[in-house]
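Basically the numbering used here = 1-based index in the sequence shown + 1.
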Amino acid sequence: GEARGVGLIGALEIVMDKSTRDQYPPEVKAGAQIAAAALAKGLIVRALPGDVIGICPPLIITKEQIDELFDALASAVDDTANILKQAA
Numbered sequence: 002g003e004a005r006g007v008g009l010i011g012a013l014e015i016v017m018d019k020s021t022r023d024q025y026p027p028e029v030k031a032g033a034q035i036a037a038a039a040l041a042k043g044l045i046v047r048a049l050p051g052d053v054i055g056i057c058p059p060l061i062i063t064k065e066q067i068d069e070l071f072d073a074l075a076s077a078v079d080d081t082a083n084i085l086k087q088a089a
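Right under this line is the structure:
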């Protein structure tokens, strides 16, 4: 998908196939599944319409915390992708 942001506000578009940018069917709710997996890892993100994940950390976040944020988010995305592949 696409990654976009302004300042510390960011968003990730979740797609089924990176090369074609085909989206998951709406009933899969891939964004919501990733948000739930992230929450289980202690990271709060927002599932937005269209399988977009919203990220809005506090302005006082440290570099180390940013690294932790992206490690947790990457892990949540990977875990969810594996679950969705197994379900297909």
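Ideal placement from N, C-alpha and C gives every residue a C-beta, glycine not left out. These figures come from a predicted structure and were not determined experimentally.
In this structure, DSSP gives Glu28 a helical state, which the three-state scheme calls helix. As the crow flies, the alpha-carbon of Ile61 is around 14 Å from that of Glu69. If you check the CB distance, Thr81 and Gln24 do not come in under 9 Å. With a 10 Å radius around the Cβ and a threshold of 16 neighbouring Cβ atoms, Val7 comes out exposed.
Residue Gly43 holds the alpha-carbon nearest to the alpha-carbon of Pro58 among Pro26, Leu85, Ala37, Gly43.
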